[in-house]
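Novice: Once you've had a glance at the structure underneath, I'll fire off some questions.
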Amino acid sequence: MVMEYPDFLDIQVKSFQDFFQLKTKADERSTEGLYKTFLDNFPISDTRNQFVLEFLDYFVDPPRYSIQECIERGLTYCVPLKARLKLYCTDPEHEDFETIVQDVYLGTIPYMTHSGTFVINGAERVVVSQLHRSPGVFFGQSFHANGTKLYSARVIPFKGSWIEFATDINQVMYAYIDRKKKLPVTTLFRAIGYERDKDILEIFDLAEEIKVSKSGLKKYIGRKLAARVLKTWFEDFVDEDTGEVVSIERNEIVLDRDTILEKDQIEEIIESGTKTILLHKEDNEMADYAIIHNTLQKDPTNSEKEAVEHIYRQLRNAEPPDFETAKGIIDKLFFSEQRYNLGEVGRYRMNKKLGLDVSVDAKVLTKEDIITIIKNLIKLVNSKAEVDDIDHLSNRRVRTVGEQLASQFGVGLSRMARTIRERMNVRDNEVFTPIDLINAKTLSSVINSFFGTNQLSQFMDQTNPLAEITHKRRLSALGPGGLSRERAGFEVRDVHFTHYGRLCPIETPEGPNIGLISSLAVFAKVNNLGFIETPYRKVTNGQVNIADEPSYLSAEEEEGMKFAQSNLPLDNDGNFVNEKVIVREEADYPVVDPKVVNYMDVAPNQIASISASLIPFLEHDDANRALMGSNMMRQAVPLISPEAPIVGTGLERRVAKDSRILINAEGEGTVEYVDANTIKIKYDKTEEERMVSFDSDSKTYNLIKFRKTNQGTSINLKPIVKKGDRVVEGQVLCEGYATQNGELALGRNMKVAFMPWKGYNFEDAIVISEKVVKEDIFTSIHIDEYSLEVRDTKLGAEELTNDIPNVSEEATKDLDENGMIRIGAEVKPGDILIGKITPKGESDPTPEEKLLRAIFGDKAGDVKDASLKASPSLRGVVIDKKLFERAVKDKSKRAKDKISITNLEHKYSAKLEELRTILTEKLFTLISGKTSQGVMNDLGEEILQKGKKFTLKMLNAVPDFAYLTRGVWTTDDHINALVNELIHNYKIKVNDLQGSLRREKFTVSVGDELPAGILKLAKIYIAKKRKLKVGDKMAGRHGNKGIVARIVRAEDMPFLEDGTPVDIVLNPLGVPSRMNIGQIYETVLGWAGQKLGKTFATPIFDGAKISEINQLIEDAGIPKHGHTYLYDGGTGERFDQPATVGVIYMIKLGHMIDDKMHARSIGPYSLITQQPLGGKAQFGGQRFGEMEVWALEAYGASSTLREILTVKSDDVLGRAKTYEAIVKGDDMPEPGLPESFNVLMHELRGLGLDVRLEE
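Going by the working numbering, the first residue of the sequence shown is number 25, and it counts up by one from there.
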């Protein structure tokens, strides 16, 4: 009955795989993602259609550096993208031009890591999915200032011009093109081929046609004319330029529309020569369509030509050169595939909304679309249809990573196509190749700017595994093409009934982004059109289909259905037990008969996100506090020894697994070797698996040790298996980084008492026992990275050294010959971390320098100390150091490099040869004695002839096995599958070898890859051990946060009857008003669990009942509801009243006092205002603002105020004099003019005012 969770990172990983489709063969790729982008932009031909560049296939080479190397060196983890292009000539004159097929390099493309992130310039980033308005048609309404309801229908395409149809207060319908140009709808009708009034009226079946005859018309006297009666004739005139006689059609209105036919007008009609007239139909529908008649009255045009010219004038603000040009403009706007694209989604929505049956491939507007939209709009005006709900999830769709990348590639490739065309046109007869046409920088620059600057490409929140996984599953309504914070109103941010099971109603940030950024619910998936789906079990005739796979439904498919809750009681056959069940139907909750139920939820936590699903007893918490709880769990810092919660929700193991941080066994096997850094496992393989594999049975895993995360927390994995252990597939092999034994473990279980303690836990403050600090229960390790670049300056190159001028030997005792501090050194504020000297320009030497030069000669004078020193708050231990440098270029080095590269190539060709030998041997073992069925390479040439028996000689003669992709090896399908897998594994191995050869060659010739202008890059990693301190912020999982106010000796803490002191004292007043009672449930159940040695999974909305908790309390022998008498640790007396005691799960948050503590006496000043800077990073001061000034004014503290505003701030001369006075012990001098006053004076003078200071 319980449904498996989908992979939590699918939204990132699957989207990226679907975009690249690298695992799919070229001829099997579906037209989406990168492949579709190529197909959209190729083939490219020159303007005369003589040369054609065609796209055949694309592929990538292995990345040059591993992910970890990219992070260390500050590089982007990317793959080189290559395309196989074919250039041929269609012009018979160029018959000597041969067709060329080439693999062309298109630039490097950032590649997603297995955990769904991108490494860009050394930092892990995430591309957040965007929730935006789906393309299609939307019907809406607004109110005019006078209270009239105005209706509109807006068609939003994937790309191209918007068109909107709207009514005005006079009941006339207009079409707006791109929100600017306005024209009557009937003008648009005429322009798209409904030329006469008759055609337009026929669309809506509004008129009947009457033949003109005297007797015939008499019957219709008193009826209204539906269309004008025109008299037409031709006039001849002589064209002055050519002298030709030209005849022009002229017309004159005889009777206007809506004229009531009278007897005396019959003659006029007959005289005009009109064959038929149109009369209004007399039926009920007529009134509905009054708007069309009103619009015809407003329409300034009478024919297609006039309409087209009118639209051209509106759009271009100029006269049309001729009819064809004008007509072309309209066709291009909405009917050209180059300029207009509804997209698959847009067409799907349009067909659904309008009930059309247009082909999904028709990506442009059709006449039928426009007519149906206007008919629907008229229904809306007459209150016969409903307006659309823009916040309904059928009108909003998700743009995942893949789609965002595809649109960026589209931009890059279309730019590239433009330059290719230009280059093709320039090169006439000379021979050129695809490589000559392509500039690889075009594509790279677009992609790099997307990853570097786009609002949706974000620096990953990596505080703990939950923060990572949540960031990857985030959906944002902001970003390009989305909303902006200022414009987003309340409706967009609010929870909508279609969010059920799709978007979490709880997890969203507090602050300006509330409701705009949300999280995907646990079971939700994004379908191929970008709509979010959630699973349900089908219910037929009151019986739940338990055996069947749940069906995924989108918000649109949910309309009108009735959904039962997942925890309703069922009998063994899946029938509902209750006679009446409460169901959910859109935004309503009716009580119905089980027979009318359509679907049933799959799980009670279906509506929540991962974070919210991790809060036990969420059902007892107020939603506002639950929001804070789920947001704060993402800020929990990983502890040295984390502990999984006693009371969890059962999702902890799954979160740890899907975060992809831990190492899982890949199959069944035995542990061969374990130490702190590596685990080696010998896997059980079948003979066939060994046959197709090139790897040994054993696999070694390297554990991550003290790696710095984006937020400065540390990842440190420890093995949890022993030598000789048997492992099964998926088993967790290590723990660490906020996980314990494969479960998410963000904090620790603490013995808690809810009671006041001497006022120290007033207003959410927390009292902690000293035992917690002593035993390192909440100690975490944080890693800082410090780097220093060595550049080439105009005065000469800088250099790393431990020989720094004017610095004592004591200060440089820990530096090595490169000036880098040794690993293991303890760092205090002011210590030199990396010693560097910089050439100095000649300036007047100070007296000390003169003396030094006189003694030691000129050495000390030409360089200055540019070392990196520890900041005022830094204390820690050096755990690692790295030095990256470019290869030195000189003659002897080049000769050596040449030899090294030749040796490398020999070594690798030997390895390749060895690999090929193994392949032929394995291949021959598989197919010996069999007959070839015709094996071909990827170009379709037969390599192993059909009908021949396989021999070793025949296999050895194959030029390259990697290209044998077509044809069939033998008649045995099983053997063919094995052969294909063997060749596939061989390709992977060859690729790896080529990649490492390229990498090693690069290292020899270039050295480490560094940004331009940098010769060396030194990095120092310093670990800080942070114990819990007064001022650190802690929280539970229910939004119950507080600051540690006092750390009390264990013997002074309140203790239980058996003498056990509690670890933490929380204020009971923080519970009732906040309405997060879940923490009390957790506390009591946690204590029972600790006593019984059990852990509990209590899923949200389906958690432990009071009766079950009471039973456990009884079994554990603890007081009911945890109400216990405590004793005062200071006096030993019993407190008057019992308090709630138990075990609560607490986490330490990333807001630590060590990062916030700051003080300044003197420091840097702002250049222009000369006021001290602000903020800890700038070593700034505290701002003394207007309100603080008013406070001192209120007390009349004038001298203090004057001092603060002058000598302590921006009175430059006064500062110097005051310092002098303090040093000499003199009286304080008079303050001078603040610099900001001078700034004001200059500002006024800049405005042209002559402001002078009078003495």
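Just so you know, even glycine gets a beta-carbon here, dropped at the ideal spot from N, CA and C.
#1: How would you call A1001, buried or exposed, if buried means at least 16 neighbouring beta carbons within 10 angstroms?
#2: Could you spell out the range, first to last residue, of the beta strand (DSSP E) harbouring V262?
#3: What residue from V745, M774, N785, F778 has the CA that sits closest to G766's CA?
#4: Count the CB pairs spanning the segment 122 to 133 and the segment 458 to 472 that are closer than 8 angstroms, and state whether there are at least three.
#5: Can you tell which of G1199, K1180, H1182 has its C-alpha closest to the C-alpha of Y1189?
#6: Run through DSSP, which three-state label would E292 get?
#7: Does the contact criterion of 3 or more C-beta pairs under 8 angstroms hold for the segment 618 to 636 versus the segment 526 to 540?
#8: Which residue's Cα is closest to the Cα of V405: D645, V887, S176?
#9: Tell me which residues share the same chain as T1015 and place their Cβ nearer than 6 angstroms to its Cβ, disregarding the 5 neighbours each side in the sequence.
#10: With respect to the alpha helix (DSSP H) encompassing N1000, which residues constitute its N-terminal and C-terminal limits?
#11: From the DSSP secondary-structure annotation, give me the bridge partner or partners of E759.
#12: Please determine if the segment 838 to 856 and the segment 769 to 779 are in contact, where contact requires at least 3 C-beta pairs separated by less than 8 angstroms.
#13: Alpha carbon to alpha carbon, how far is L1170 from G184?
#14: Please report the distance separating the alpha-carbon of K238 from that of V332.
#15: Just mark Y1045 as buried or exposed, buried being the case when its beta carbon has 16 or more other beta carbons within 10 Å.
#16: Pick helix, strand or coil for L502, following the three-state DSSP scheme.
#17: Within 10 angstroms of the Cβ of E557, are there 16 or more other Cβ atoms? Answer buried if so, exposed if not.
#18: Can you find the residues in the same chain that come closer than 6 angstroms, C-beta to C-beta, to T724, ignoring five residues on each side of it along the sequence?
#19: Based on the DSSP secondary-structure assignment, which residues constitute the bridge partners of P863?
#20: Given this structure, state the Cα-to-Cα distance separating V262 from D288, to the nearest angstrom.
#21: What separation, rounded to the nearest whole angstrom, lies between the Cα atoms of G267 and Y198?
#22: Rounded C-beta distance between A386 and R371? I'm assuming under 8 angstroms.
#23: Roughly how many angstroms separate the alpha carbons of I541 and H156, rounded to a whole number?
#24: Whole beta strand (DSSP E) runs in the segment 882 to 953 with 3 or more residues, listed along the chain?
#25: Within 10 Å of its beta-carbon, does S327 have 16 or more other beta-carbons around it, so buried, or fewer, so exposed?
#26: In chain order, what residues of the same chain lie with their CB nearer than 6 angstroms to the CB of R608, ignoring the 5 residues before and after it?
#27: What are the boundary residues of the beta strand (DSSP E) that Q165 is part of?
#28: For K864, which residues from the same chain have a beta carbon less than 8 angstroms from its beta carbon, with the 5 sequence-adjacent residues on both sides left out?
#29: On the DSSP bridge assignment, give the partners of H304 in chain order.
#30: Just the C-alpha distance for V384 and E368, rounded to the nearest angstrom, thanks.
#31: In the DSSP assignment, find the unbroken beta strand (DSSP E) run with G131 in it and report its ends.
#32: Can you tell which of F347, R337, D192, D260 has its C-alpha closest to the C-alpha of K329?
#33: State the beta-bridge partners of C174 as determined by DSSP.
#34: Put T1224 into one of helix, strand or coil per three-state DSSP.
#35: Buried or exposed for L1277, please, with buried defined as at least 16 other CB atoms from any protein chain shown within 10 angstroms of its CB.
#36: For a test of the three-state rule: what should DSSP assign to A409, helix, strand or coil?
Specialist: In brief:
#1: Start at 1 with the first residue of the sequence shown, and residue 1001 comes out as number 977. Exposed, since its Cβ has fewer than 16 Cβ neighbours within 10 Å.
#2: Here residue 262 refers to the residue found at position 238 of the sequence shown. Residues 253 to 262.
#3: Here residue 766 corresponds to residue number 742 of the sequence shown, with the count starting at 1. The residue with the shortest Cα to Cα distance from G766 is V745.
#4: yes
#5: Translated into the one-based positions of the sequence shown, residue 1189 becomes position 1165. Checked all of G1199, K1180, H1182; the closest Cα to Y1189 is G1199.
#6: By one-based count along the sequence shown, residue 292 stands at place 268. Helix.
#7: yes
#8: For this step, residue 405 is matched to residue 381 along the sequence shown. Of the listed residues, the one whose Cα sits closest to V405 is S176.
#9: Within the sequence shown, the letter at position 991 stands for residue 1015. The amino acid occupying residue 1015 in the given sequence is Asn; Thr does not appear at that position. Excluding residues within five positions, the ones whose Cβ falls inside 6 angstroms are P86.
#10: Along the sequence shown, read from residue 1 onward, the residue named residue 1000 stands at position 976. Run containing N1000: 997 to 1029, per the alpha helix (DSSP H) assignment.
#11: In the sequence shown, counting from the first residue as 1, residue 759 sits at position 735. Answer is K742, bridged to E759.
#12: no
#13: Numbered from its first residue, the sequence shown carries residue 1170 at position 1146. Numbered from its first residue, the sequence shown carries residue 184 at position 160. The question names Leu, yet the displayed sequence has Met at residue 1170. Taking the straight line from one Cα to the other gives about 54 angstroms.
#14: If you number the sequence shown from 1, residue 238 lands on position 214. If you number the sequence shown from 1, residue 332 lands on position 308. Straight-line Cα distance between these residues: approximately 37 angstroms.
#15: As a position in the sequence shown, residue 1045 is number 1021, starting the count at 1. By the neighbour-count rule (16 or more Cβ atoms within 10 Å), Y1045 is buried.
#16: Here the question's residue 502 lines up with position 478 in the sequence shown. Residue state, collapsed to three classes: coil.
#17: Within the sequence shown, the letter at position 533 stands for residue 557. It counts as buried.
#18: Numbered from its first residue, the sequence shown carries residue 724 at position 700. These residues qualify, in order along the chain: T702, K704.
#19: The residue you call residue 863 lines up with position 839 of the sequence shown. Per DSSP, V887.
#20: The sequence position of residue 262 within the sequence shown is 238, counting from 1. The sequence position of residue 288 within the sequence shown is 264, counting from 1. When rounded, the distance between both Cα atoms is 38 angstroms.
#21: Stepping through the sequence shown from its first residue, residue 267 is reached at position 243. Stepping through the sequence shown from its first residue, residue 198 is reached at position 174. Straight-line Cα distance between these residues: approximately 43 angstroms.
#22: As a first step, residue 386 is located in the sequence shown; it is residue number 362 there, counting from the start. As a first step, residue 371 is located in the sequence shown; it is residue number 347 there, counting from the start. Correct: roughly 6 angstroms between the Cβ atoms.
#23: Taking the sequence shown and counting its residues from 1, the one referred to as residue 541 is at position 517. Taking the sequence shown and counting its residues from 1, the one referred to as residue 156 is at position 132. Looking at the two C-alpha atoms, the distance is approximately 12 angstroms.
#24: 887 to 889, 900 to 909
#25: Counted from its first residue, the sequence shown places residue 327 at position 303. S327 is exposed by the Cβ-count criterion.
#26: Looking up residue 608 in the sequence shown gives position 584. Contacts found: F587.
#27: Here residue 165 refers to the residue found at position 141 of the sequence shown. Taken as a continuous stretch (DSSP letters only), the beta strand (DSSP E) holding Q165 covers 160 to 167.
#28: The residue you call residue 864 lines up with position 840 of the sequence shown. Same-chain partners within the cutoff: L819, G885, D886, V887, K888.
#29: As a position in the sequence shown, residue 304 is number 280, starting the count at 1. DSSP lists A231 as partners of H304.
#30: Here the question's residue 384 lines up with position 360 in the sequence shown. Here the question's residue 368 lines up with position 344 in the sequence shown. Cα-Cα distance, rounded: 6 angstroms.
#31: Locating residue 131 in the sequence shown gives position 107, where the first residue counts as 1. Taken as a continuous stretch (DSSP letters only), the beta strand (DSSP E) holding G131 covers 124 to 134.
#32: Position 305 of the sequence shown, counted from the first residue, corresponds to residue 329. Out of F347, R337, D192, D260, F347 has the C-alpha closest to the C-alpha of K329.
#33: Position 150 of the sequence shown, counted from the start, is the residue given in the question as residue 174. What sits at residue 174 in the sequence shown is Leu, not Cys. Answer is S166, bridged to L174.
#34: Locating residue 1224 in the sequence shown gives position 1200, counting from the first residue. Of the three classes helix, strand and coil, the one that applies to T1224 here is helix, per DSSP.
#35: Residue 1277 sits at position 1253 when you count from the first residue of the sequence shown. Flag for L1277 reads exposed.
#36: Translated into positions along the sequence shown, residue 409 becomes position 385. Looking at A409 - three-state DSSP - the assignment turns out to be coil, as it is neither helix nor strand.
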